[in-house]
Every structure is written in C-alpha cells, then in structure tokens.
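Residue numbers (my numbering): -1 to 443.
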C-alpha cells in the first residue's frame, strides 16, 4: 500500500514516515500542501495523511483536490483537539477519517489497516446507493426534496468512517432507519448491530444492560451476563433515546467511549471492546446540556457527526411519493388511487407523528374503504378539519409547488389529455384548466 504524508512539521513528518516504513508500507513525504498535491498529481497513492493546519494550501484544499482526481483515495486528516469540529466538517466532504494530536501511532496504524478495505467498501457502497434509488429505497429516503437528498449523500459518506454519530429528529422521522443504513454500508456490516432503547429500560437495570454483570452482583444475578457493549464488539451499538439515561450512567458511558474499556457490574476486571456508537434522540441535547440534564463532555463525544432528520412538514414535497409508496405496500394488488383533493389535504396536514403517522393513516384508510379510490371523505376527521391558517408564507409556497408538480406528473402520464388527467386527479375539467393557468404549466402538444 502506498502512503503520502503531508505535514509541515519536519520532526512529526519523519516520525510518521519511519514508523510506517517499518510496517511495510511504501511511504512518500511532503512538507506543504503544494508539494503534496504535486506529488499526488504525478504519483497517486492509496492513502494520504495530511495535517489540517498548514501554511498556504490547507488540509481542506488538499482533500478537495485529491478527491477530484481519485474519489477512492483514503484521506486521513491530522487535527489538534481544538480543530475537531473542522475535522468533522471534512468527514462530510469526503475525508476517510481523522486523528487527533498528539498522534498515537498504534491508532494511526489501525486506521490505515481499516483503509485497506476502503476502496472495496466504497465500491460496494455505490452499488447499494444505486439500489437505494430504486424500489428498495428505505422509506425515510423516499422523495426528491433537497433535504432528503443531502441526508442520503451524507449517510453514504459517514458510513465509511468510525466516528460516533448522533441522529436527532422528532419521533417518526426514521432515526432507526438511518442507523440501519449506516450499518449496512459500513465496514462493520458483517458484525452485530446491537440496539438499546434507553427509554424502555428501568434506570436500575440500565447499567447491567449496557455493561453486563457477574454472578451475585445484585439480587437476581444468578449467572454472568454479557452487556450490550460486549455483544456489539467489532460492530455497532445503537443507543436510541440517549437523552433518557441517568446522570450517573452518563459518567460511566463517557469513560467507556473515551477508552473503550469498562467493568461489568460487580466485577473489577476490565474488558476492552471495539465498538462504533450511533446514538439517537428526539430531544434537543444542546438545550438539555444548558439545563444541566445532560453532560456537555458526553454530548460532544457522541455528536462527532450530527445528522438531523427534518419533520415531514418541512419536506411536504415528498408526501405524494410517500403516499404512493404506502399504497403499494398495503394494497399492491388493488391498484388503489387517490384523488387530487385527498392528496392535497394530506400535504396540508401538520403530521406531528411524521412518516410513522402517515403510514398508519394510509393503512387505516385502506382497511376501512370498499372502493379503489381514496377521496377526501375517506380521510380521518382530524385531517379533514385541520386548519392550516397559521401556515406561513414559505409553507404555502411549498404546498403550491407540491400541487403543481403533482398535476404536471399526472398530465405527463395521461399524455397531456386534460379530460383524462382531470378524471385521474378526481377534479372537474374546469378546475384542472384553472390550475394549469394558475401555475403556468406548459401543455405539450
């Protein structure tokens, strides 16, 4: 494997080069970003280790230029602790990983060994990404809104590194789906992904749940039991509703995340694991930190890569696609249609329960209806009677855009036969004509 080290600190550069050379790697060095790029242009390598802060061309520019030439190059960024936020931003731009100063050589070696799989995993990730664009797309990613496209692209990138991820968003937005996809795309995909719902386990049992216990540790501990950290060794531990854990447990969890070492309840024997953490919450943990309910240091340890899932009301343009998906899921053989009026009523609704609520509503409607067309009258009363008077101007524009795109889609499917399109939409021909004029829809001949 060929490695290029770009580091303006001569002493640090030589130490890294000597160490990696003794491990059998073919190493080249550069002492500035400019020199590093010149060497990469003429002799591409498998792995680039670049300092973040350098005179002239910075680590960020080095990353951007290298990925333009070969997107499969594994770029590892060297950063000071105070620059971790910048390093995380580089991960989003495509860096393979980062390592903090002072550099631990064994940790660097581990990251480089993991990078051996990078090209293979990246190729597999692209294949999965292509699959994600078809009918097997996880429901969270259905739709064409810019927000969802951005999240999908980001998930694909962050799945290839080992940094902790904090997924936040309201209930029903698909946080667990995101965690599953990261696992599916990661180099840990063949290892366990262990899930723990922190809000569903009593506080008195939570420590044992995470770290295990030995026989006799407490009343009822009749045998040794592995904890979730040990079960997830080599894989991923998904901590759902992380904001619910107690202050005492936050302390032990923080120590474990720092060292990847812990002691089971009732034992003095330390166990070491290799686990990637993905946490999720429907709370604003920054607010919880300010209120003193959540440790600030634990928050930053978890929030290395933040992923925010927007509520459904902020991605209304995806609702028609989601409705179509659920109609296929629950009534594939019936070929159920939905009128334009019913669809736009669903688009207008606030969806406090997000995708989960929309799915349940469609399932309920299909279970109760006897025809093959969903009309506005088939919708639940709370949706029909919803008053969108408080909807702001931006939301009104979004809803109008959704309606326009839906009408354009149906017109195209009906080969611009307005009478047929009006029938499919469930509206009068005059109503369709008015909408075509209102939205300046181009009618192709």
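The beta carbon of each residue, even a glycine, is placed where N, CA and C say it ideally should be.
The model shown is predicted, which means the values in this text are computed figures rather than measured ones.
Problem - Straight-line Cα distance separating residue 347 from residue 430 - result: 22 Å
Problem - First through last residue of the beta strand (DSSP E) which encompasses residue 166 - result: 163 to 166
Handout entry: Unbroken alpha helix (DSSP H) run spanning residue 152, endpoints
Key = 144 to 156
Practice task
Output yes or no for whether 7 Å exceeds the beta carbon distance between residue 252 and residue 227.
Solution key: no
Exercise for the section: Starting from the C-beta of residue 460, find all residues in its chain whose C-beta is less than 8 Å away, skip the five residues before and the five after it, and write them out in chain order. Expected result: Past the edges of the chain, shown from -1 to 443, lies residue 460, and the structure says nothing about it.
Problem - Rounded C-alpha distance that separates residue 213 from residue 237 - result: 25 Å
Exercise for the section: State the CB to CB distance for the pair residue 31 and residue 60, rounded to an integer number of angstroms; the pair is presumed to be in contact (CB under 8 Å). Expected result: 5 Å
Handout entry: Among 7, 10, 298, 46, nearest to residue 26 - alpha-carbon criterion
Key = 46
Handout entry: Any C-beta of chain B under 7 Å from that of residue 197
Key = Absent here is chain B; the protein component of the structure consists of one chain.
Problem - Inter-stretch contact at 8 Å, needing at least 3 Cβ pairs: the segment 330 to 347 / the segment 369 to 383 - result: yes
Problem - Inter-residue Cα distance where the pair is residue 287 and residue 157 - result: 27 Å
Problem - Separation of residue 193 from residue 289, as counted between CA atoms - result: 27 Å
Exercise for the section: Determine, using beta carbons only, whether residue 444 and residue 210 come nearer to each other than 7 Å. Expected result: Since the first and last residues shown for the chain are -1 and 443, residue 444 lies out of range.
Practice task
Report buried or exposed for residue 326, applying the criterion of at least 16 other Cβ atoms within 10 angstroms of its Cβ.
Solution key: exposed
Practice task
Can you grab the Cα-Cα spacing for the pair residue 403 / residue 240, in whole Å?
Solution key: 39 Å
Problem - Contacting residues, own chain, Cβ-Cβ under 6 Å from residue 442 (five flanking each side not counted) - result: 414
Handout entry: Any non-hydrogen atom of the ligand ADP closer than 6 Å to residue 164 Cβ
Key = Ligands in the displayed structure: none, and consequently the ligand ADP is not present.
Exercise for the section: Determine, using beta carbons only, whether residue 444 and residue 0 come nearer to each other than 7 Å. Expected result: The question about residue 444 has no answer, for the chain in this structure spans -1 to 443.
Problem - Anticipated Cβ contact below 8 Å, residue 4 with residue 28, distance rounded - result: 5 Å
Exercise for the section: Use the C-beta contact count for residue 365: other C-beta atoms within 10 angstroms, 16 or more gives buried, fewer gives exposed. Expected result: exposed
Exercise for the section: Mind listing, in chain order, the continuous alpha helix (DSSP H) runs of no fewer than 4 residues lying wholly within the segment 211 to 239? Expected result: 226 to 229
Handout entry: Residues of its chain near residue 409, where Cβ-Cβ distance is below 6 Å and the 5 sequence neighbours each way are ignored
Key = 419
Practice task
Could you tell me the distance, in whole angstroms, from the CA atom of residue 284 to the CA atom of residue 296?
Solution key: 11 Å
Problem - Member of 301, 235, 278, 177 whose CA lies at the smallest distance from the CA of residue 271 - result: 235
Handout entry: Coil, strand or helix - residue 358 by DSSP
Key = helix
Practice task
Taking only the alpha-carbon atoms, compute the straight-line gap between residue 264 and residue 206 and give it to the nearest angstrom.
Solution key: 9 Å
Problem - Of the listed residues 328, 303, 218, 343, nearest to residue 318 (C-alpha basis) - result: 343
Problem - Chain-order list of residues whose beta-carbon lies under 6 Å from that of residue 225 (same chain, five-residue window excluded) - result: 208, 209, 210
Exercise for the section: Could you work out which residue in 303, 176, 170 is closest to residue 88 when comparing CA atoms only? Expected result: 303
Practice task
Rank 12, 266, 231 by C-alpha distance to the C-alpha of residue 258 and give the top, closest one.
Solution key: 231
Exercise for the section: Report buried or exposed for residue 173, applying the criterion of at least 16 other Cβ atoms within 10 angstroms of its Cβ. Expected result: buried
Exercise for the section: Please list, in chain order, all residues of the same chain as residue 281 whose beta carbon is under 6 Å from its beta carbon, the five residues on each side excluded. Expected result: 241
Handout entry: Cβ-based neighbour list, residue 229, same chain, cut-off 7 Å, excluding 5 preceding and 5 following
Key = 190, 192
Handout entry: For residue 13 and residue 50, believed in contact at Cβ under 8 Å, the rounded distance
Key = Residue 50 to residue 13, Cβ: 18 Å. No contact.
Problem - Proximity of residue 161 and residue 113 at Cβ, strictly below 7 Å - result: no
Problem - Buried versus exposed, by CB contacts within 10 Å (16 or more), residue 128 - result: Summary for residue 128: the model assigns pLDDT 44, below 50, so the residue's position carries little reliability, and this model does not support an answer.
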